Amino acid sequence: MKRAVISGAGGFIGRSLTKRLLAENIQVYGIDVEGAQGRILADPGVTPLSVDIGDRRALSNILKVARPDVFYHLAWAGVSTDVKNEVGTQLSNIPLALTALEASVESGCGHVVIPGSASEYAYCGQTIDGRNTPAPGDAYAASKAAAHVLCQWYARQHGLHLNWLLIGSIYGPGRNDSNILTYTIKALLRGEKTEYSSLEQLWDYIYIDDLIEALYLVGLRGKPGGVYPVGSGQAQPLAGYIRQIQAAIAPEAALGIGALPYKLGGKPDHSVLDIRRLQEDTGFAPQVTFEEGIGRTIAYFREMEQGK
Numbered sequence: 273m274k275r276a277v278i279s280g281a282g283g284f285i286g287r288s289l290t291k292r293l294l295a296e297n298i299q300v301y302g303i304d305v306e307g308a309q310g311r312i313l314a315d316p317g318v319t320p321l322s323v324d325i326g327d328r329r330a331l332s333n334i335l336k337v338a339r340p341d342v343f344y345h346l347a348w349a350g351v352s353t354d355v356k357n358e359v360g361t362q363l364s365n366i367p368l369a370l371t372a373l374e375a376s377v378e379s380g381c382g383h384v385v386i387p388g389s390a391s392e393y394a395y396c397g398q399t400i401d402g403r404n405t406p407a408p409g410d411a412y413a414a415s416k417a418a419a420h421v422l423c424q425w426y427a428r429q430h431g432l433h434l435n436w437l438l439i440g441s442i443y444g445p446g447r448n449d450s451n452i453l454t455y456t457i458k459a460l461l462r463g464e465k466t467e468y469s470s471l472e473q474l475w476d477y478i479y480i481d482d483l484i485e486a487l488y489l490v491g492l493r494g495k496p497g498g499v500y501p502v503g504s505g506q507a508q509p510l511a512g513y514i515r516q517i518q519a520a521i522a523p524e525a526a527l528g529i530g531a532l533p534y535k536l537g538g539k540p541d542h543s544v545l546d547i548r549r550l551q552e553d554t555g556f557a558p559q560v561t562f563e564e565g566i567g568r569t570i571a572y573f574r575e576m577e578q579g580k
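Heads up: the sequence shown runs through residues 273 to 580, numbered per my numbering.
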């Protein structure tokens, strides 16, 4: 891989992936909306671009100039927990994903990597291996699943090398939205009350650095049509993660576990990932344990709180 295009390059994942590709001397063309241009990594190896990714012709022209070996289409509106059921926002992403593939075919870019979500299969009742029946629990997951099916169909029709990644929950310094780990860390640092469901869900968390390594390796070695669950390969009840955070920040704090109902009529969702295919095809191996990663994440938020 010598050149790569990243849409959503100013985002949490996009910036981290840019750093990883630069470390391999890969030229990066970073695409993002005008308001996020300033967040694209500033480096001689990065060419920042502002283009409407819904404009197939404009995007195709960018790809023709960049001539990437891989197009990482990371852009997705509405990834924060508090907007995952904004149906209009989530649906708007589906045609953009298809446009990314259309522009790739038109420009001659043969390899596209798109991050889907393990939540596409949240209620399937099985370990997620990429062959399950979709069973999403919110509009975000349903839209990811719909885009997944549509993009797979299009790629098959046009002989495009598409890799779809079923990513588990991501955490690490720099992710600052309303996900449950961030909520817990901030609340405990501030001495605030916390409330949760019973947290019996089996969950797989992946540290940002491990996710980025998986993205890099899939771009390098992913097999055509490969659908890859991406996680640590280790799962435990969600309550266990929350108690580890409690022990690291405020061991005596009361946790409101069980104070809230589950979504969807009291049924817990799960995120247990089989990452063997990813390991076999690309050589991926998670490096960061949850204990190590959450320690770094807590330190990041502690510094933020102290700086206020």
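No residue lacks a Cβ here, since even glycine has one placed at the ideal position from N, Cα and C. Quantities reported herein were computed from a predicted structural model and do not represent experimental measurements.
Outcome for E564 when other beta-carbon atoms lying within 10 angstroms are tallied against a minimum of 16: The residue you call residue 564 lines up with position 292 of the sequence shown. Flag for E564 reads exposed.
If I measure Cβ to Cβ from A349 and keep anything under 7 Å in the same chain, skipping five residues before and after, which residues do I get? Numbered from 1 along the sequence shown, position 77 holds the residue referred to as residue 349. Excluding residues up to 5 positions away in sequence, T361, S364 and N365 lie with their Cβ nearer than 7 Å to the Cβ of A349 in the same chain.
Taking D354 as the reference, give the member of L460, Y455, F562 and A459 with the closest Cα. As a first step, residue 354 is located in the sequence shown; it is residue number 82 there, counting from the start. With distances taken between Cα atoms, D354 lies closest to Y455.
To the nearest angstrom, report how far apart I325 and I386 are at their CA atoms. For the purposes of this step, residue 325 is taken as residue 53 along the sequence shown, with counting starting at 1. For the purposes of this step, residue 386 is taken as residue 114 along the sequence shown, with counting starting at 1. In a straight line, the C-alpha of I325 is about 14 Å away from that of I386.
Reducing DSSP to helix, strand and coil, say where S332 ends up. Counted from its first residue, the sequence shown places residue 332 at position 60. If DSSP states are grouped into helix, strand and coil, S332 belongs with the helices.
Closest to Q578 by C-alpha separation, out of K458, K356 and L510, would be which residue? To locate residue 578, count along the sequence shown from 1; it is residue 306. It is K458.
Run through DSSP, which three-state label would A276 get? For the purposes of this step, residue 276 is identified with residue 4 of the sequence shown, where counting begins at 1. DSSP places A276 in strand when its eight states are reduced to three.
With a threshold of 8 Å on Cβ separation, who are the neighbours of V377 within its own chain once the five nearest residues in sequence on each side are excluded? Here residue 377 refers to the residue found at position 105 when the sequence shown is read from its first residue. Excluding residues within five positions, the ones whose Cβ falls inside 8 Å are H430 and L432.
Just to check my reading of the structure: L527 and Q518 have Cβ atoms closer than 8 Å, yes? What is that Cβ distance to the nearest angstrom? Your numbering for residue 527 matches position 255 in the sequence shown. Your numbering for residue 518 matches position 246 in the sequence shown. Between Q518 and L527 the Cβ distance is about 6 Å, and since that is below 8 Å, they are a contact.
Whole alpha helix (DSSP H) elements within the region 368-434, 4-residue minimum: 411-430, all fully within the region 368-434.
Give the secondary structure of S288 by DSSP, where H, G and I count as helix, E and B as strand, and everything else as coil. Reading the sequence shown from its first residue, position 16 is the one you call residue 288. Of the three classes helix, strand and coil, the one that applies to S288 here is helix, per DSSP.
Which residue wins for smallest C-alpha separation from W343, given the options R275, D304 and R403? Here residue 343 corresponds to residue number 71 of the sequence shown, with the count starting at 1. Going by the sequence as given, residue 343 is Phe instead of Trp. If we check each option's Cα against that of F343, R275 comes out closest.
Can you tell me whether V300 is helix, strand or coil according to DSSP? By one-based count along the sequence shown, residue 300 stands at place 28. Three-state DSSP puts V300 in a strand.
State the Cα-Cα distance for the pair L483 and L346, rounded to the nearest angstrom. Numbered from its first residue, the sequence shown carries residue 483 at position 211. Numbered from its first residue, the sequence shown carries residue 346 at position 74. Roughly 13 Å between the two C-alpha positions.
I want to know whether the region 471-485 touches the region 504-514 - three or more CB-CB distances under 8 Å. yes
Who are the near neighbours of I312 in its chain, counting only those whose CB is closer than 8 Å to its CB and skipping five residues on each side? Stepping through the sequence shown from its first residue, residue 312 is reached at position 40. Hits under 8 Å: A281, G282, G286, R287, T290, G302, D304, V318 and P320.
Pick from R574, G503 and V499 that is closest to E485, judged by C-alpha positions: Within the sequence shown, the letter at position 213 stands for residue 485. Among R574, G503 and V499, the Cα nearest to that of E485 is on G503.
Just how far apart, CA to CA, sit G494 and L370? As a position in the sequence shown, residue 494 is number 222, starting the count at 1. As a position in the sequence shown, residue 370 is number 98, starting the count at 1. Answer to the nearest angstrom: the Cα atoms are 20 Å apart.
For the pair the region 540-555 and the region 387-405, tell me if three or more CB-CB distances fall below 8 Å. yes
With a CB to CB cut of under 8 Å and the five nearest residues on each side skipped, what residues in its chain are close to K336? Residue 336 sits at position 64 when you count from the first residue of the sequence shown. Only S379 and G380 meet the Cβ criterion.
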